[in-house]
Amino acid sequence: GRRLGEREALVINDPDFQHEDLNFLSRSQRYEQAIRKSSLMVMKLREHGIADPDEIYWFKSFVHRGRPEPLDLHLGMFLPTLLTQATPEQQDRFFMPAWNLEIIGTYAQTEMGHGTHLRGLETTATYDPATQEFILNSPTVTSIKWWPGGLGKTSNHAIVLAQLYTQGQCKGLHAFIVPIRQLGTHEPLPGITVGDIGPKFGYDEMDNGYLKMDNFRIPRENMLMKYAQVEPDGTYVKPLNDKLTYGTMVFIRSIIVGDSARSLSRACTIAIRYSAVRHQSELKAGEPEPQILDYQTQQYKLFPLLATAYAFHFVGAYIKDTYRRISGDIIEGDLSELPELHALTAGLKAFTSWTANAGIEECRMACGGHGYSRCSGLPDIYVTFTPSCTYEGENTVMMLQTARFLVKSYTQVSSGQRVTGMVSYLNDLSRQRIQPQHVAARPVTVRINDPISLVEAYKARAARLVEAAAKNLQAELNHRKSKEDAWNRTSVDLVRASEAHCHYVIVKLFTAKLSEISNAAVRAVMTELCLLYALYGISKNTGDFLQAGILTDTQVNQVNQHVKELLAIIRPNAVALVDSFDFHDVHLGSVLGRYDGNVYENMFEWAKKSPLNKTEVHESFHKHLKPMQAKL
Amino acid sequence: CFRNPVHMDSVLSGVNPDLASERLTASFSVEKLTARLDGGAEHTRMRRAIVEAIESDPAFSRENQYFQSQNERYEAAVRRAVHLQKKMREMGWTENGPEIKYIYRWLSGDIAFLLHRVFMRSISVLGSDKQVAKWIPLATEHQIIGSYAQTELGHGTYLQGLETTAVFDIATQEFLLNTPKISAMKWWPGDMGRSATHTVVFAQLYVHGKCYGVHPFIVQIRSLQDHSPRPGVTVGDIGPKMNFEHTDNGYLMLQNVRVPRENMLSRFCEVQPDGTYVRWGSQKINYFTMTTVRISILSDEVILPLMKACTIAIRYSAVRRQSKLKPGEQEAKILDYQTQQQKLLPQLAAAYAFHFINIYLHELFDRGYQEIQGRNFDSLPELHAFSSGFKAMVTQYCTSGVEICLRACGGHGYSLLSGLPSLYTRVLASCIYEGENTVLFLQTARFLIKCFMAASAGQPIPPSVTYLSSAKPGKCPAKDKLDFLSPDVYLKAYEQMAIRSVTKLQHLIQSGAEKHEAWNQCTVQLVKAAQAHCHYITVKIFVETVEKLDNKAGIQKVMKHLCDLFALHGIFSNAGDFLYDGYLSGAQMDLVTASYLDLLAVIRMDAVPLVDAFDFTDKSLNSALGSYDGQVYQRLYEWAQKSPTNQQVSPAYGKYLKPLLQNRLSKL
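Protein chains in written order, with UniProt numbering: chain A, 1 to 632; chain B, 1 to 668.
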């Protein structure tokens, strides 16, 4: 692959961080390797005196090659939560020990029976003023904490989310620092039942765990009390502002959008490089077998995904920038932009993770049988990425959150107010009100070679679907008493509206990015990708565009035709476009996606190391086959 | 409502009330539907007896499979295969008996020697009577274990591209087999990596320097004494895959390996001692095996996983509660959310649709097989087109269906203990093996275009495609959302759409400059045309099946709902194709959507009984989320505790964590 930088090489070639190919190890072995590397990593960080979070992150990504590891929750959730929600006194007690890994912590929120709907959590923390302690309990099987990473085997502390009861009243969810294992022996403390939740689709090196608490007592000072507080006599003091948690959610979801872009980019890199190496069948009789990348069907599978990977990359950067820009305002107490950003990131998190999830699978399928082998690296990318459709907010629920904001904006416009930001296209509705037709029925002259014109087409589609969903919701409300019931009966429409809105935002952001690219050749190829992204999206959703009268049958033909032309135009740049993602072979972890393209000989080398090949004759022959043949 | 009898064991262990209540509202008799799916109550009885016999035998338990390594899975599969031989003798079951399909269905492929059976079938179909007489008894008695080596490292679906060679040596009357380069290495055949002693190798036949194309040869690869590879043979396991850990998919390299002339399978062609090449009958017969295999995998390998996934996801959705639909009430079952219904119920409808199309395909192939036995090859092109298109459509649909079920179960779906990840990773392999789906769709498309052109020229075409010549432009007559519950209305829409996709293409292909260029330029649309055709036939067969059902026990009615849902979901999801050229108007599409959403709420009431009717035992589902009694959380908790990560003391703490912690403590 590309020549390693000196610092990168130092980590990657460090003999301490070498081990057998993970594909050949059992789950327990993978966990052990990950823990070994994490422990060594921490020692080395101390040795080198590295303390800057960005540098730690960089170091970690090379040690673990971008894979999950048991300390992820400690570094990513436990420490930051202490920083943002602990009082100075609590920071003194917990932060430095945690920073030094005397305390290894995790973040225990999800329960066996409760996920995205936080208010439904059942774990209780009841304050006992007599002893000034909280009594923690898991009252039912469904209330057992389930899934937290690092909880199963690694952590000795957890931040536990529980319903707070004091003076006989429930005060809602609060966070508590709970020691779970004995320092020194690592044995579970009395009253604590803790373990690993068993094998999963992926995340083999992560000890996702369960935690059951029976009358487990912690001192009053272990409740995170920077905002809400319980005083020694049990008096509850309310937090000042609860919108603040929005900020964290926006931040995490922006990371998932970036992750969608990265994971899809990795899958595209593997599939496109391999498609340039693999030859199959014939295009012209008598000629040698062509590269499969020359088949239109293969291009049609892969190039739109390549365009999507670039689109998501720009969207991820946009959210991050926006978050940085307004996080200053947030600290100042100005939360005015937060609701829109929160609503937008919910939808984009769902949209990008769904698309990337399906895209990774499409890349794998495009590699035929060899994509199914773990040596391709694609099964691993998929199983590692796919839970992001569920964690940090289940995608359908996320789409409905965005829909709630869209409907609210629509209602505001209907009552004569103006809305701003990404939903400002809804303002056009008020002008349309005088005419009895659909908002989108106003003629949009779409020029299919012009990204800016395509943004308008997507805008019209979003407006039409938001309006349709809002009207259907109103109709249901007129029929039924319960708001929730009406909402539920419209939810399929609402999700469609959110998807259309997100799709519009992505096309818009991608298009806007083009003018910022100064290099003419780069701008040209990015424009082709942007057009492909937009046109492919139309060809996959022609129903919406035809039904709303945004496009005619003839234009749909032109769109399909133009998509095919773009495939041929992008073909010569395809490998260069994935090389630009600049993944090292070690990060890619794929024999099919190697930078040097020497696929087949390396597949053979890889297979020879398979555990089943350890001996020339497998022990099963002596144990089972031979006795059977002898008996017959 | 039908009072469906409840399984006795679930009464004793206590069914989760959330699931019990679902069974009280069934609009039909579950037992009657099960019998119908089995093809008669006597089949249901036999199936249950066999399942009972297998499940009561601890040697077949799959409880630990999610915890096992590749090595352990392989060993368990071999052990189970050996045990099965014993069991069959005990029970008086035979390979050709009616029980066999139920046995393998229950085992759901988690057993060794499946390719051994393909080995035997290929000899039966492609071998001469003499070859059958020699090899089949040996294989039946497991004195040899076979595999089937076709795919190579560099070559898959395109058979003509295979590079392995078999050169006839007149002097010794032998074939000399070789793997000329690394990309020609046989790669993927099951049972070959560690188990097989013999394999059928597909190689380019050369006689007197002339290439006669790909032919099958029986090659011994391991010693029958000590199981070591034969001279000139390099063989091993290809390493871990996304699933099939229990199968030793293998690689095979041959260097000057000699087999006698009699080892070329010669039912249809032969190399005579003097090197004369003789052929009887159509060359296409070689493809008939492949064609039938494509159909034979559908039921157990493809449709069954979707049925299981639906069972797991729908039962779990009746138990899982999340958020509130009405203030003050208990949190709602997630099955009551429209978005959840929209994910799962179309998959349920598809599972039924494919069950019926599968029966139809088997009838078609049984007829075809009779004809071919009589050396009448007329129906081969149609059978080939059918097997290609439906294999591609059903595998693609079921794969995405299982994944939808998996993701509809949220976080717990991601646990292997849900059973869903392994169902998914198994079913998705079917999109690739036995022919890559895109290539297969293109083969169907080629057939459709040919037929359409033949019809245009006034020539006769097979009955399954005569609709192509009945193109009449028009508009859909529906005026009300209820009109879309009429099969005539939606069938016509599907038919129009399929005709349009094919006819439109024929113009494009003919207008192209060079034929092969034009073909490649149209392949994206050709795939769509083949999909449209298969989708149409599936809806049509579903409609015809429902019409033939009698409405005792409420079965016809509930099947009609599912048929409507399958059809309308297809229109809703491919709206553009139906709106294009105005056969359906935008307003009609809104009616389709309304009708489709209404159906979700109707079928919701029967959702759990409809999956109960598939009649999977808890052991065959092997899922913490999908058990009949709905005791999801308890089961998940108890099962997780059996994980090796909890049973064994992890060395990680003592070896790595402790020194890390103490390193710091000592400095304190």
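Ideal placement from N, C-alpha and C gives every residue a C-beta, glycine not left out.
Since we're looking at a predicted model, the values are computed, not measured.
* Asked: Just by C-beta distance, which residues in the region 345–379 of chain A are closer than 7 Å to chain B?
  -> Met365, Gly368, Gly369, Tyr372, Ser373, Arg374, Cys375, Pro379
* **Contact list for B/Glu75 against chain A, beta-carbon separation under 9 Å** => As a first step, residue 75 of chain B is located in the second sequence; it is residue number 75 there, counting from the start. Result: His618, Glu619, Ser620, Lys623, His624.
* Asked: Is DSSP giving A/Lys145 helix, strand or coil here?
  -> Counted from its first residue, the first sequence places residue 145 of chain A at position 145. In the structure shown, A/Lys145 sits in a strand (DSSP, three-state: E or B).
* If you draw a straight line from the alpha carbon of B/His246 to that of A/Leu612, how long is it in whole angstroms? -> Here the question's residue 246 of chain B lines up with position 246 in the second sequence. Here the question's residue 612 of chain A lines up with position 612 in the first sequence. Whole-angstrom Cα-Cα distance: 10 Å.
* To do: Compare the C-beta of A/Asn488 against all C-beta atoms of chain B and say whether one is closer than 7 Å.
  => Taking the first sequence and counting its residues from 1, the one referred to as residue 488 of chain A is at position 488. Output row for A/Asn488: interface = yes.
* **Spatial distance of B/Gly127 from B/Lys134 (CA atoms)** => The residue you call residue 127 of chain B lines up with position 127 of the second sequence. The residue you call residue 134 of chain B lines up with position 134 of the second sequence. Each residue's alpha carbon lies about 10 Å from the other.
* Taking all protein chains shown into account, do 16 or more other C-beta atoms lie within 10 angstroms of the C-beta of B/Asp366, making it buried, or fewer, making it exposed? -> If you number the second sequence from 1, residue 366 of chain B lands on position 366. B/Asp366 is exposed by the Cβ-count criterion.
* Asked: Between the C-alpha atoms of A/Thr116 and A/Cys389, what's the straight-line distance to the nearest angstrom?
  -> The residue labelled residue 116 of chain A in the question sits at position 116 within the first sequence. The residue labelled residue 389 of chain A in the question sits at position 389 within the first sequence. For A/Thr116 and A/Cys389, the distance between alpha carbons rounds to 12 Å.
* Give the residues from the region 400–417 of chain B that approach chain A closer than 7 Å (Cβ to any Cβ), ordered along the chain. => Arg407, Gly410, Gly411, Tyr414, Ser415, Leu416, Leu417
* Under the assumption that B/Ser183 contacts B/Gly154 (Cβ atoms under 8 Å), give the Cβ distance between them as a whole number of angstroms. => Your numbering for residue 183 of chain B matches position 183 in the second sequence. Your numbering for residue 154 of chain B matches position 154 in the second sequence. At roughly 3 Å, the Cβ-Cβ gap stays under 8 Å, so B/Ser183 and B/Gly154 are in contact.
* Helix, strand or coil at A/Lys320 according to DSSP, with G and I counted as helix -> Numbered from its first residue, the first sequence carries residue 320 of chain A at position 320. Helix, per DSSP.
* So B/Gly586 is in the alpha helix (DSSP H); what residue range does that whole segment cover? -> The residue labelled residue 586 of chain B in the question sits at position 586 within the second sequence. B/Gly586 -> alpha helix (DSSP H) spans 586–604.
* Asked: Can you tell me the Cα-Cα spacing of A/Glu394 and B/Val233, whole angstroms?
  -> Locating residue 394 of chain A in the first sequence gives position 394, where the first residue counts as 1. Locating residue 233 of chain B in the second sequence gives position 233, where the first residue counts as 1. Using only the alpha carbons, I get a separation of about 52 Å.
* To do: For B/Thr291, return the contacting residues in chain A, with the cut-off set at a CB-CB distance below 9 Å.
  => Along the second sequence, one-based indexing puts residue 291 of chain B at 291. By Cβ distance, chain A contributes nothing, its closest Cβ being about 19 Å from B/Thr291, past 9 Å.
* At what residue ranges does the region 64–129 of chain A contain a whole run of the beta strand (DSSP E), taking only runs of 3 or more? -> 105–108, 124–128
* Asked: For the alpha helix (DSSP H) that A/Met206 lies in, which residues bound it at each end?
  -> Mapped onto the first sequence, residue 206 of chain A falls at position 206. Neither: A/Met206 is in no alpha helix (DSSP H) and is coded neither H nor E.
* Could you name the residues of the same chain whose beta carbon sits closer than 6 Å to that of A/Thr542, not counting the 5 residues immediately before and after it, in chain order? => Mapped onto the first sequence, residue 542 of chain A falls at position 542. Here the set comprises Val556.
* To do: Just the C-alpha distance for B/Glu22 and B/Ala567, rounded to the nearest angstrom, thanks.
  => Residue 22 of chain B sits at position 22 when you count from the first residue of the second sequence. Residue 567 of chain B sits at position 567 when you count from the first residue of the second sequence. Cα-Cα distance, rounded: 25 Å.
* If we count Cβ pairs, one from each stretch, closer than 8 Å, do we get three or more for the region 487–502 of chain A versus the region 462–479 of chain A? -> yes
* To do: Decide if B/Cys211 is buried, meaning its Cβ has at least 16 other Cβ atoms within 10 Å, or exposed.
  => In the second sequence, residue 211 of chain B corresponds to position 211, counting from 1. Exposed, since its Cβ has fewer than 16 Cβ neighbours within 10 Å.
* Asked: Based on the DSSP secondary-structure assignment, which residues constitute the bridge partners of A/Asn357?
  -> Start at 1 with the first residue of the first sequence, and residue 357 of chain A comes out as number 357. The partner list for A/Asn357 (beta bridge, DSSP) is empty, contrary to what the question assumes.
* Going along the chain, which residues of the region 276–290 of chain A sit with their C-beta nearer than 9 Å to a C-beta in chain B? -> Arg278, His279, Gln280, Ser281, Glu282, Leu283, Lys284, Ala285, Glu289
* Of the residues B/Pro216, B/Val201, B/Arg194, B/Val200, which one's Cα is nearest the Cα of B/Ser228? -> Position 228 of the second sequence, counted from the start, is the residue given in the question as residue 228 of chain B. The candidate whose alpha carbon is nearest that of B/Ser228 is B/Arg194.
* Please check if any C-beta of chain B sits within less than 7 Å of the C-beta of A/Asp585. => The count along the first sequence starts at 1 and reaches residue 585 of chain A at position 585. No - not a single Cβ of chain B is within 7 Å of the one on A/Asp585.
* B/Thr94: buried (16+ other C-beta within 10 angstroms of its C-beta) or exposed? -> Residue 94 of chain B sits at position 94 when you count from the first residue of the second sequence. It is exposed - the Cβ of B/Thr94 has fewer than 16 other Cβ atoms within 10 Å.
* Note down, in chain order, every chain A residue with its Cβ under 8 Å from the Cβ of residue 669 of chain B. => Since the first and last residues shown for chain B are 1 and 668, residue 669 of chain B lies out of range.
* Asked: Are the CB atoms of B/Leu344 and B/Ala385 nearer to each other than 7 Å?
  -> In the second sequence, counting from the first residue as 1, residue 344 of chain B sits at position 344. In the second sequence, counting from the first residue as 1, residue 385 of chain B sits at position 385. For B/Leu344 and B/Ala385, no; Cβs fall outside 7 Å.
* Asked: Where A/Pro339 and A/Ser327 are concerned, what is the direct C-alpha to C-alpha distance, given to the nearest angstrom?
  -> Your numbering for residue 339 of chain A matches position 339 in the first sequence. Your numbering for residue 327 of chain A matches position 327 in the first sequence. The alpha-carbon atoms of A/Pro339 and A/Ser327 are separated by roughly 13 Å.
* Asked: Taking Cβ-Cβ distances shorter than 8 Å, what residues in chain B pair up with A/Glu394?
  -> Looking up residue 394 of chain A in the first sequence gives position 394. Under the 8 Å cutoff, chain B gives Gly410.
* Asked: Given a limit of 7 Å on CB to CB distance, which residues of the region 498–512 of chain A reach chain B?
  -> none
* Take B/Gly14 and list the residues in its own chain whose beta-carbon comes closer than 8 Å to its own, dropping the five residues that flank it on each side. => Here residue 14 of chain B refers to the residue found at position 14 when the second sequence is read from its first residue. Answer for B/Gly14: Asp629, Gln631, listed in chain order.
* Asked: Relative to the C-alpha of A/Tyr31, which residue among A/Leu151, A/Gly247, A/Gly593, A/Ala568 is closest?
  -> Position 31 of the first sequence, counting from 1, holds the residue named residue 31 of chain A. When only C-alpha atoms are compared, the closest one is A/Leu151.
* Can you grab the Cα-Cα spacing for the pair B/Gly109 / B/Gln341, in whole Å? => Within the second sequence, the letter at position 109 stands for residue 109 of chain B. Within the second sequence, the letter at position 341 stands for residue 341 of chain B. When rounded, the distance between both Cα atoms is 30 Å.
* Based on Cα-Cα distance, which residue from A/Leu302, A/Leu283, A/Leu306, A/Arg278 lies nearest to A/Gln291? -> One-based indexing of the first sequence puts residue 291 of chain A at position 291. Ranking the options by Cα distance to A/Gln291, first place goes to A/Arg278.
* Under 9 Å from the C-beta of A/Glu32: neighbouring residues of chain B -> Sequence index remark: in the first sequence, residue 32 of chain A carries index 32 (1-based). Near A/Glu32 (Cβ distances below 9 Å), the residues of chain B are Ser650, Pro651, Ala652, Lys655, Tyr656.
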